[in-house]
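> Can you keep this structure in mind? I'll have questions shortly.
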Amino acid sequence: MAHIHLEDGSFSLFFVLLWWTAAIILVGIAIYLMRSEKKPDRRKITLAAFCTAAAFAIFQVSLPIFGGVHLNLTPLIGILAGPAAGSLVVLIINILSAAIGHGGWGLIGANTLVNIVEVFVGYSCFRLLKTTIPDLFPRAGIATIAGLFCGNIAMILIIIISGVQGVNQSTGQILTGLSLLAAVNMGVAVVEAFITGLIVAYIGKVRPDLLGDELL
Amino acid sequence: MSSTMISSHIPDLDLITSYAQREGTFFSRVSPWTKFTGLLLVILLITLTRNLVICGVLYLIILGLYASAGLPVKKLFAWYTLPVLFVISLVGIMVWTEPGTPLFSLNMGLFALTLTDNGLILIITLLLKALISVTYSLFFLMTTRYQHFSAMIYRIFPSPLDQIFLLAYRYLFLTLSMTGAIFKAVRSRGGGIIHSVRVQGRIFAEVFALVFIRSFDRAERVHQAMIARGYNGKYEAGTDMPKPGLSGFCVIGAFVCAIALIVLMVPNTGGLY
Amino acid sequence: MTIIHRDPHAPHCPPIDKKRELIHVDCASHTYPDGSVGIHDMCFYVLRDEIVALCGPNGSGKSTLLEHLNGLLTPSKGDVWVNGRSITHGERSDLWKDVGVVFQRSDDQLFAPTVLDDVMFGPLNLGMSHDDAQAAAMSALEGVGAADLVHKLPNYLSGGQKRLVSIAGVLAMKPKIMVLDEPTSDLDPLHSERVEALILRFKRDYGISVVIATHDLDFAARIADRVCLVKNGSVFAEGTPDEVFYNPVLIEEAGLTLPQTVRIYLEYCKAQGREPEQRPIRRDELIRALQLSQS
Chain L
-13 MAHIHLEDGS
-3 FSLFFVLLWW
7 TAAIILVGIA
17 IYLMRSEKKP
27 DRRKITLAAF
37 CTAAAFAIFQ
47 VSLPIFGGVH
57 LNLTPLIGIL
67 AGPAAGSLVV
77 LIINILSAAI
87 GHGGWGLIGA
97 NTLVNIVEVF
107 VGYSCFRLLK
117 TTIPDLFPRA
127 GIATIAGLFC
137 GNIAMILIII
147 ISGVQGVNQS
157 TGQILTGLSL
167 LAAVNMGVAV
177 VEAFITGLIV
187 AYIGKVRPDL
197 LGDELL
Chain H
74 MSSTMISSHI
84 PDLDLITSYA
94 QREGTFFSRV
104 SPWTKFTGLL
114 LVILLITLTR
124 NLVICGVLYL
134 IILGLYASAG
144 LPVKKLFAWY
154 TLPVLFVISL
164 VGIMVWTEPG
174 TPLFSLNMGL
184 FALTLTDNGL
194 ILIITLLLKA
204 LISVTYSLFF
214 LMTTRYQHFS
224 AMIYRIFPSP
234 LDQIFLLAYR
244 YLFLTLSMTG
254 AIFKAVRSRG
264 GGIIHSVRVQ
274 GRIFAEVFAL
284 VFIRSFDRAE
294 RVHQAMIARG
304 YNGKYEAGTD
314 MPKPGLSGFC
324 VIGAFVCAIA
334 LIVLMVPNTG
344 GLY
Chain W
8 MTIIHRDPHA
18 PHCPPIDKKR
28 ELIHVDCASH
38 TYPDGSVGIH
48 DMCFYVLRDE
58 IVALCGPNGS
68 GKSTLLEHLN
78 GLLTPSKGDV
88 WVNGRSITHG
98 ERSDLWKDVG
108 VVFQRSDDQL
118 FAPTVLDDVM
128 FGPLNLGMSH
138 DDAQAAAMSA
148 LEGVGAADLV
158 HKLPNYLSGG
168 QKRLVSIAGV
178 LAMKPKIMVL
188 DEPTSDLDPL
198 HSERVEALIL
208 RFKRDYGISV
218 VIATHDLDFA
228 ARIADRVCLV
238 KNGSVFAEGT
248 PDEVFYNPVL
258 IEEAGLTLPQ
268 TVRIYLEYCK
278 AQGREPEQRP
288 IRRDELIRAL
298 QLSQS
């Protein structure tokens, strides 16, 4: 996967609550934005639900590349569901993932924050590059790389700020270790960007309406 | 291998739900709210403690609960793969430079990697914490009926989060089954053979895209069917759930007291900051 | 039997019986965003207390027409009147109260976590209290003979059980008209017979008019009061089952095959070298006709 899932017990209680609070605030804003739409499109709820189910199902597939890679497709969720619904989708995916042991319950807040960054950056890049790069494949690929790169930075910042319980190393040493991890993650991010690019190009060909006028 | 089982090291939701619906053991009759509070307390304890012995004892207790509920232990060990991988990928790098008494060194030419006693304890503790969380989560999932989970989602989350969650939970099984079926169809025609990263990537991308497209097609049909029955943006999942009984409150109370005692009396606890 | 030859210049198809007409589709057309034509100059009606079967091959426009009857789609040309109200020009947001739709794929309809939640969904949307909705749901489940499934999960039901629960979900809302899209497709013979018996009961016991879209002519022959043949988005012929099904040229034109009873009887008559004197449609009618011809 292109980013890690932190497990329970990694952070102290203070930081568990801090990241949970931050995630709840962001998700709360997303809920507010969805509720306060002048013409609420109820279809969005159904589409977001199926986006969640599809993304979670795809996460369960092991790609026979680099000995087995699982994709989260968070930037793709951003592109397809938009940043508001996408934030809710990644929260649900993190809860479902925690339920089967992929990421801790206490770390859902931190993991969701990282994912929201990926969703938001992925969506924004894809939208901003609409006129510069009209071709869907490279645009989605670049948006994915950008989203996962920013997600990685968010992850490093969260771990540096929180510290890992029981680790008595200096910030420099932790940063060195995390940079190595981030480099591996970015390698997987290239695979995810390639796959996301192909998925978006395929969707653009078969069901362009799913991307909407604002993204096409 | 079930139809939805795509990677054998990932918990199979179909299998989990079929265990949950059996209601064969004492734990299936315990209130879901009691088990949920138990989950929160387990997470609280493993967040607060850094003590290897406490983690070890807690893990054995939860593994015992899991086994006594008649749940598949062999499968559980297979399902540990990714959580273990997550812990090692994060701490596996840091563990070599942890201060403490050196146990052994690996000479890498330009530099040497030394594993200390603290480093070893650190990785074992974090691994145990992850396994405690996974084992209890799966115990909770596999002894709580699907409809009770749905009712909990409905009661805990605000709208539209609850609506998205409930619909996703309902159709997750069908989506997993569909994904499995597409992969079977691809493999049946030689699609599983590794040609090159590029060809392989393209095949997987097309399958993934198809999963999304078919999911969105189904989303539209489901939405139409809901509108046809007057959907106005809200639906209920109103299954009655058993409330925690006196024994439930006693267990929770005892657990809270135990956590308080551990935090106050046992060294290496108190991970508040 | 009426073979409908529409005058392309005639802007309307007038009502057949204004007093008894529950649905009147007046030269309606619908084109999908991708340019494909769903229905074209469609004229169709449903009277009170009748079961109408829309018969046509896949892609002939049956499902598109059904979605118009509940207001899920609106015609791009022409009009659809339901219970005296135009859905094109009038308010259609509460049309679902009058017209209940049972979709072809039950999994698309059963979205709620449990059978009870799903069947209660419609009654709750009608504004019923939780208790009343539960009572309506239970009564509907008993009505379709699926009361034992009330606490089951839709995911673990068989195809036949899912279909029964889908029907209960609509029946619980007590609609005036029930629309069923391919109600017996993918069902085993036992469940098909149950669904068939239910549809007949809806008309007899509940006074519900029923519209069925199907390409199973045997099924249509057994239960329909009137059969409409659909081709290229329009109804091109209609009549009672015996009128329509004893016209092989018409059935072939519709891209369908004759019901088995009709085929057996016609082949029997041909083998005997005599003209068909009767028009048996149901199995019991066929047996009687064969017995009669032998005596």
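Residue numbers (our numbering), protein chains in the order written: chain L, -13 to 202; chain H, 74 to 346; chain W, 8 to 302. Quick reminder that beta carbons are idealized off the backbone N, C-alpha and C, glycines included.
1) Could you round the C-beta distance between L/A35 and H/A241 to whole angstroms and report it? I think they count as a contact, below 8 angstroms.
2) Find out if the Cβ-Cβ distance for the pair W/L54, W/S216 is shorter than 9 angstroms.
3) Could you spell out the range, first to last residue, of the alpha helix (DSSP H) harbouring W/Y39?
4) Helix, strand or coil for W/M135 per DSSP?
5) Given this structure, state the Cα-to-Cα distance separating L/S(-2) from L/V150, to the nearest angstrom.
6) Please report the residue range of the alpha helix (DSSP H) in which L/F36 lies.
7) Could you tell me how far apart the beta carbons of L/E(-7) and H/S232 are, in whole angstroms, since I believe they sit closer than 8 angstroms?
8) Going by Cα to Cα distance, which pick from L/T7, L/P120, L/K25, L/G87 is closest to H/D85?
9) Going by other Cβ atoms of all chains shown within 10 Å of its Cβ, with 16 needed for buried, is L/T7 buried or exposed?
10) Hey, would you say W/P161 sits closer than 9 angstroms to W/V172, going by beta carbons?
11) In angstroms, rounded to a whole number, what distance separates the CA positions of L/I160 and H/G165?
12) Examine chain H for any beta-carbon lying closer than 9 angstroms to the beta-carbon of W/P21, and answer yes or no.
13) With a threshold of 6 angstroms on Cβ separation, who are the neighbours of W/Q298 within its own chain once the five nearest residues in sequence on each side are excluded?
14) How would you write the range of the beta strand (DSSP E) that W/D188 sits in, first residue to last?
15) Starting from W/V391, trace the beta strand (DSSP E) in both directions and tell me its first and last residue.
16) Using only the alpha-carbon positions, how far apart do W/C276 and W/L131 sit?
17) If contacts are defined as beta-carbon pairs under 8 angstroms, then W/I219 and W/P255 qualify, I think. What distance do you get, rounded to the angstrom?
18) So, L/I63 versus L/A96, is the Cβ gap smaller than 9 angstroms?
19) Cβ of H/T120 less than 9 angstroms from any chain W Cβ?
20) So the beta strand (DSSP E) H/F222 belongs to, where does it begin and stop?
21) Put W/C20 into one of helix, strand or coil per three-state DSSP.
22) Decide if L/M(-13) is buried, meaning its Cβ has at least 16 other Cβ atoms within 10 Å, or exposed.
23) Pick from L/S156, L/L122, L/G133: whose alpha carbon is nearest that of L/G183?
24) Any C-beta of chain H sitting closer than 9 angstroms to the C-beta of W/D41?
25) With distances taken Cα to Cα, identify the nearest neighbour of H/E171 among H/I196, H/L283, H/L149.
26) Going along the chain, which unbroken runs of the alpha helix (DSSP H) with 4 or more residues stay wholly within the region 101 to 152 of chain H?
27) Three Cβ pairs or more, each shorter than 8 angstroms: is that satisfied between the region 180 to 193 of chain H and the region 142 to 159 of chain H?
28) Looking at chain W, is there any beta carbon in it that lies within less than 9 angstroms of the beta carbon of H/E96?
29) Report buried or exposed for W/Q267, applying the criterion of at least 16 other Cβ atoms within 10 angstroms of its Cβ.
30) To the nearest whole angstrom, what separates the beta carbons of H/S288 and L/A40, a pair I think is in contact under 8 angstroms?
31) Using the Cβ count rule (16 or more neighbours within 10 Å means buried), how would you classify H/V126?
32) 9 angstroms is my cut-off, CB to CB: does W/H37 come that close to chain H?
33) Exposed or buried, what is W/E282 when buried is set at 16 or more other beta-carbons lying within 10 Å of its beta-carbon?
34) Between which two residues does the alpha helix (DSSP H) carrying H/K257 extend?
35) Should L/A(-12) be flagged as near chain H, meaning a C-beta pair shorter than 9 angstroms?
36) Quick one: what does DSSP say W/D101 is sitting in, helix, strand or coil?
By the coordinates alone:
1) 4 angstroms
2) yes
3) Careful: W/Y39 lies outside any alpha helix (DSSP H) and carries neither H nor E.
4) Correct three-state label for W/M135: coil.
5) Cα-Cα distance, rounded: 8 angstroms.
6) Unbroken alpha helix (DSSP H) run through L/F36: 29 to 45.
7) Rounded, the Cβ-Cβ distance is 31 angstroms, inconsistent with contact.
8) L/G87
9) exposed
10) In this structure, W/P161 lies near W/V172, with their beta-carbon atoms less than 9 angstroms apart.
11) 12 angstroms
12) The beta-carbon of W/P21 is placed no less than 9 angstroms from the nearest beta-carbon of chain H.
13) none
14) 184 to 188
15) Nothing can be reported for residue 391 of chain W, as the shown portion of chain W is limited to 8 through 302.
16) 56 angstroms
17) W/I219 to W/P255, Cβ: 22 angstroms. No contact.
18) No, the Cβ-Cβ distance between L/I63 and L/A96 is not below 9 angstroms.
19) Contact with chain W is absent for H/T120, since none of that chain's Cβ atoms lies less than 9 angstroms from the residue's Cβ.
20) Careful: H/F222 lies outside any beta strand (DSSP E), inside the alpha helix (DSSP H) at 219 to 229.
21) coil
22) For L/M(-13), the pLDDT reaches just 42, beneath the cut-off of 50, and the residue's location in the model is therefore unreliable, although a value from the coordinates is still provided. Result: buried.
23) Put simply, of L/S156, L/L122, L/G133 the residue whose alpha carbon is nearest the alpha carbon of L/G183 is L/L122.
24) Judged by the 9 angstroms Cβ criterion, W/D41 is not in contact with chain H.
25) H/I196
26) 105 to 121, 125 to 141, 146 to 152
27) Verdict: no, contact absent.
28) no
29) When all chains shown are included, W/Q267 counts as exposed.
30) 4 angstroms
31) When all chains shown are included, H/V126 counts as exposed.
32) no
33) exposed
34) 234 to 261
35) Unreliable positioning characterises L/A(-12) in this predicted model, as indicated by a pLDDT of 43, which lies under 50. The coordinate reading is nonetheless provided below. Not an interface residue.
36) coil
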